[in-house]
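Protein sequence lines correspond, in order, to chains U and Z.
Under full-length UniProt numbering, the first residue of the first sequence carries the number 1, and numbering increases by one thereafter.
Under full-length UniProt numbering, the first residue of the second sequence carries the number 1, and numbering increases by one thereafter.
Number of protein chains: 2
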Amino acid sequence: MPQYKAPLNDMKFIFNDLLGAEQHYKNFAEGEEATPDMIDAILTECARFAEERLSPLNQTGDEQGCELVDGNVKTPEGFKEAYQEYVAGGWQGLSHPIEYGGQGLPVSLGVLKSEIISTANWSWGMYPGLSLGAMNTIYLHGDEQQKALYLTKLTEGTWSGTMCLTEPQCGTDLGQVKTKAVPNDDGSYTISGTKIFISAGDHDFTDNIVHIVLARLPDAPKGTRGISLFIVPKFLPDNDGNVGEFNNVSVGSLEVKMGIKGSATCVMNFDGSKGYLIGPENKGLQCMFTFMNTARIGTGLQGSCAAELSFQGALSYARERLSMRSLSGKKAPDKVADPIIVHPDVRRMLLTQKAFAEGGRALIYYSALKADYLVHGATEEIRENADDDLGFLTPIVKAFLTETGYEAANLGMQVYGGHGYIKEWGMEQIVRDTRISMLYEGTTGIQALDLLGRKILLDKGTAFRRFSKELGQYCKGQSKFVSGKQRKKMKKMLSELTWINRQWSYLTLRVFVNSMRNRDEVGSASVDYLMYSGYIVLAYMWALQAEKAYEKLAEGVSNPEFYESKIRTAEFYFARLLPRTKSHYAAMMAGADTLMSLDEAHFAF
Amino acid sequence: MPQYKAPLNDMKFIFNDLLGAEQHYKNFAEGEEATPDMIDAILTECARFAEERLSPLNQTGDEQGCELVDGNVKTPEGFKEAYQEYVAGGWQGLSHPIEYGGQGLPVSLGVLKSEIISTANWSWGMYPGLSLGAMNTIYLHGDEQQKALYLTKLTEGTWSGTMCLTEPQCGTDLGQVKTKAVPNDDGSYTISGTKIFISAGDHDFTDNIVHIVLARLPDAPKGTRGISLFIVPKFLPDNDGNVGEFNNVSVGSLEVKMGIKGSATCVMNFDGSKGYLIGPENKGLQCMFTFMNTARIGTGLQGSCAAELSFQGALSYARERLSMRSLSGKKAPDKVADPIIVHPDVRRMLLTQKAFAEGGRALIYYSALKADYLVHGATEEIRENADDDLGFLTPIVKAFLTETGYEAANLGMQVYGGHGYIKEWGMEQIVRDTRISMLYEGTTGIQALDLLGRKILLDKGTAFRRFSKELGQYCKGQSKFVSGKQRKKMKKMLSELTWINRQWSYLTLRVFVNSMRNRDEVGSASVDYLMYSGYIVLAYMWALQAEKAYEKLAEGVSNPEFYESKIRTAEFYFARLLPRTKSHYAAMMAGADTLMSLDEAHFAF
């Protein structure tokens, strides 16, 4: 397994230099403490923890997996101790309010923390990660008493939380939820039903586990309009947070999965468990959606984390493994063969990984800064605009970054040749671990429908037009830091981006018009549309990076190689990856008939 | 795990109707027995064996894996018994000469057998599959005594064989092979060295295992010109084939792998083992290459097998799983939701799988018929032309079909949503099992260099031009069976194919010219060139199928749905998959600078 090394140079370049986090944080009270020095100290310490504590547990966690012992989940060796250290360091509450025990730092900084932790050990990171979902739900929809009791414990990390949505008969189609909530005289509810695919549904990290459960009241309307949200703790606490009676929340079984084996995926049985309504009756789904956009950045993160980790592993192997001679002449004549990094196709794979890892990082941070406005924005209007902007970006972040992250993980394995298939090297684990990211939190297909059907067509393209306008204006602006031959290269990049941005607008209109005629045109174009959009958004991130690199080089820097590398990677991206838009464009223009004309009964004989 | 059902209708359509196997077999003595009735009987019986015996062992084989017990490999439960039945049925020698105990049927028929067996259970199929490699080597390069002793046992299946090429320090770069062969007075050799990644290196199926080992004589020239080939049996036999003394061939360890867990991948130690030279001294690599083309059809097969099996699993799930309503109105109003096959994006995934599975099948059979000429061709010229044609096709068959097969396997998993990630359903196993196919027998990158560097540039494009000419002439030929509106559709398909065939020629010339200037242009274009070529070759296969379907419909048939389905799938392929050539075209035109300009030291900081 590659020993993870947090790429702090790249992280700081993107966060500070490229996106101007320092200036950005001046817009928020929460940003006051987040000075560059503070950020630096946090990242350094987080990197140390992740590299020393979490990275070594990544492969052993996969080997050992989780076990169900006497009805309770036993996590792999060392997981619990690492969590105790994490809690002692105050990491769980980094971006949560001081009044509930958090450190009150901006949401975006929490994303950088998550990146470091999750790249080192995605399975481990899912336990505190899921807890963040429960924390956000309670923070946004809980009453003061619920916040004081549950949010404080969750922010400290002494309790953890889960999200219980999926049932055997439904994942995406939550209107089919059957779990029942019957009101009791004391204002509580009796919850009965089975939930599946519950990450961190049980474990040995904390004294208590707080489940956020979607369930249906007895008189609830059918479908999605009859679902409510409940807090259901594993053990019933008193008002001071002392853990009491067992609440009949039990693990039916542990799923045996392709990967993320250190993460417990539970079937959870609620057998007359006591629950507490959170948010308004029958508005459970809306409550869920309020933080869905932020949560989905976290899932998109898995893609760029995988790209980064696999890139680190592949790069070191490509520098060491000796095989064949360069076609353009020996490069290491003193050795038995050349290191494989001399071969153009190996470089193609490494550069693809690098472009997705670093481009994805930029897109994640860019989105995270928008999330700051969503959470900490001063006015309702600012928050709503940020929500729309983020709403447009998140399906792209989630689906495009996980699809490309999976590709990158596969390329990393490919660099190792046959050795990539052997567990020992850890490269195949990255592939297995990452594969889930295209499935959970809404599959790629569902994200694509969300983007095209909901965020663009329903919204009449408002957020899309705002983004596309920003991109167009950026392209128009003449870069003052770029001169001479470099200027010509940068201008070429920007003119390509201008052109494809226009095609994007045209295409969006075409799909819009087609969908008025036939609703199946939406689903027929959606995944290609999402991928197409993703390549453009990432091109924007790479143009930004190239331009900033030229600026830094013009200023005169002590490490010009770093910035040259950014420019070369941007050029690679524009030359080799952005053209994938051509195929997606053609595929979606082919129309729905190519998919719908075959009778369901005639797919096979 | 999907219960495999051999798609005999499709297999027979492609083999008999599309490619005219009956007429083809009249060209060979070996084809005399291969009448349509005989073929039908063989396929039916093989399907029964695979469906009833092998398919049920696919998932349990993955769960149990292989074990090393007292130095010997124990295969999963039921594997050995299935092999005994297979041997009793005379399956191993189906396409091998009657004089060595085979059934003397054409090589191509063996490919259909392999397809059925390997789709049902790839891991199991590797044991007899690797043996075929050893059989072919001995048949082509062994002396009469070696054939009488070893080939007979291998053809019966009472012994099995392996190919021992790879060593820890080298896989692709076999010039680095270190295993030593020291001549003994009795004409034998003493073999010492370690080989890795030896599939079927040990097992409990047979009394003896015959290893074909690449090793170096004491005075051998350095590099690839100093490698010889040896027969090294696990137990030394007498001349009557009675197994005797242990030959110090032992299993160092079993690899722990991502998939194909039922297949034993061994580290093999040869510790002063007795070996027998096969073929001329120092010509071991050339001897290996003589049957490499045929062997690689077998590996390409893994891709289309995976596409087929995953398609079968995904299709049945898509018909049963109820989720959401069709955007164009309820399709199953009596049910709680519509089956997901109504959703365009699910159909996109299924059709992609179908297009790769059935298109891949056509390409495999098309290549297998060429292999008949290579093996059974009447004159040296016929055999050499067939070798050239096949040499051109095999890197495409091997790499393109495994890359697209892996995509198809991932799509099948994707159709299942989160359930696809759970082992129980068997869909993730197909992904894990198939992943190796892009790595072994030469990675995709190596196949691409073989295609572009060796088969096209070194050969000055002779085989390429012959194929492209065949394709061009096919497109020009007016289809007499297609009339009216259909005729227009078929002509459109053929004119697209004509156009891209011309682009292919132009592009090949461009790459040729570029490579004269800079050898790194070859490796820079190679994988994109291979994938681009693959999409065109598969388009040819789909055009052929559509035309044959129109012909059948014009004749009047009792099952028009089958042929309509072929035409719809061909249209889907041309509209949605063939356009991927656009991205590959652009990427390879970007040139080597985009890959080579970044200094090796500056990939990461």
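Think of the CB as a built atom: it goes at the ideal place given N, C-alpha and C, for glycine as much as any other residue.
C-beta neighbour in chain U for residue i, strict 8 angstroms
i: Met516 (chain Z); result: no
i: Asn9 (chain Z); result: yes
i: Ile422 (chain Z); result: yes
i: Ala362 (chain Z); result: no
i: Ala575 (chain Z); result: yes
i: Ser583 (chain Z); result: yes
i: Glu81 (chain Z); result: no
i: Glu115 (chain Z); result: no
Extent of the continuous alpha helix (DSSP H) run through residue i
i: Lys274 (chain U); result: Premise fails: Lys274 (chain U) lies in the beta strand (DSSP E), 265–278, not in any alpha helix (DSSP H).
i: Ser328 (chain U); result: First-last for Ser328 (chain U): undefined, no H or E at that position.
i: Trp122 (chain Z); result: 122–141
i: Leu411 (chain Z); result: 401–415
i: Ala41 (chain U); result: 36–49
i: Ser316 (chain Z); result: 292–320
Min CB distance residue i to chain Z below 8 angstroms
i: Phe562 (chain U); result: yes
i: Phe605 (chain U); result: yes
i: Met438 (chain U); result: yes
i: Leu165 (chain U); result: no
i: Ile341 (chain U); result: yes
i: Leu315 (chain U); result: yes
i: Arg53 (chain U); result: no
Limits of the unbroken beta strand (DSSP E) element including residue i
i: Asn72 (chain U); result: 72–74
i: Val182 (chain U); result: 180–183
i: Ala215 (chain Z); result: 208–215
i: Lys195 (chain U); result: 189–199
i: Leu577 (chain U); result: Unbroken run through Leu577 (chain U): none, as it is neither H nor E.
DSSP-derived helix/strand/coil call for residue i
i: Cys287 (chain Z); result: helix
i: Phe392 (chain U); result: helix
i: Arg519 (chain U); result: coil
i: Tyr4 (chain Z); result: coil
i: Trp91 (chain U); result: coil
i: Ile231 (chain U); result: strand
i: Ser323 (chain Z); result: coil
i: Pro560 (chain Z); result: helix
i: Ile260 (chain U); result: coil
Integer Cβ distance of residue i from residue j, believed to fall under 8 angstroms
i: Ala47 (chain Z); j: Tyr127 (chain Z); result: Ala47 (chain Z) to Tyr127 (chain Z), Cβ: 20 angstroms. No contact.
i: Gly252 (chain Z); j: Asn269 (chain Z); result: 5 angstroms
i: Ile260 (chain Z); j: Tyr150 (chain Z); result: In fact, because the Cβ distance is near 26 angstroms, the residues do not count as touching under 8 angstroms.
i: Leu277 (chain Z); j: Tyr189 (chain Z); result: 6 angstroms
i: Arg216 (chain Z); j: Thr179 (chain Z); result: 7 angstroms
i: Ala543 (chain U); j: Leu494 (chain U); result: 6 angstroms
i: Gly412 (chain U); j: Gly313 (chain U); result: 6 angstroms
i: Thr152 (chain Z); j: Tyr100 (chain Z); result: 5 angstroms
i: Ile227 (chain Z); j: Leu154 (chain Z); result: Actually they do not touch by this definition, with Cβ atoms about 23 angstroms apart.
Option nearest residue i by Cα separation, candidates the options
i: Gly110 (chain U); options: U:Ser192, U:Val375, U:Pro344; result: U:Val375
i: Glu308 (chain U); options: U:Glu407, U:Gln92, U:Gly442; result: U:Glu407
i: Trp122 (chain Z); options: Z:Val336, Z:Ala306, Z:Ser192, Z:Lys566; result: Z:Ala306
i: Ile39 (chain U); options: U:Asn282, U:Leu54, U:Leu8; result: U:Leu8
i: Thr404 (chain Z); options: Z:Thr224, Z:Thr434, Z:Ser108, Z:Gly426; result: Z:Thr434
i: Glu441 (chain U); options: U:Gly472, U:Gln473, U:Val397, U:Ala409; result: U:Val397
i: Lys5 (chain Z); options: Z:Trp504, Z:Val213, Z:Ser316; result: Z:Ser316
i: Ser367 (chain Z); options: Z:Asn247, Z:Gly303, Z:Thr294; result: Z:Thr294
i: Phe603 (chain Z); options: U:Arg568, U:Asn72, U:Tyr585, U:Lys485; result: U:Arg568
i: Gln503 (chain U); options: U:Ser437, U:His141, U:Thr581; result: U:Thr581
i: Phe289 (chain Z); options: Z:Ala362, Z:Arg519, Z:His141; result: Z:His141
Distance cut-off 7 angstroms: residue i Cβ against heavy atoms of the ligand MN
i: His24 (chain U); result: Looking for the ligand MN in the displayed structure turns up nothing, as the structure carries no ligands at all.
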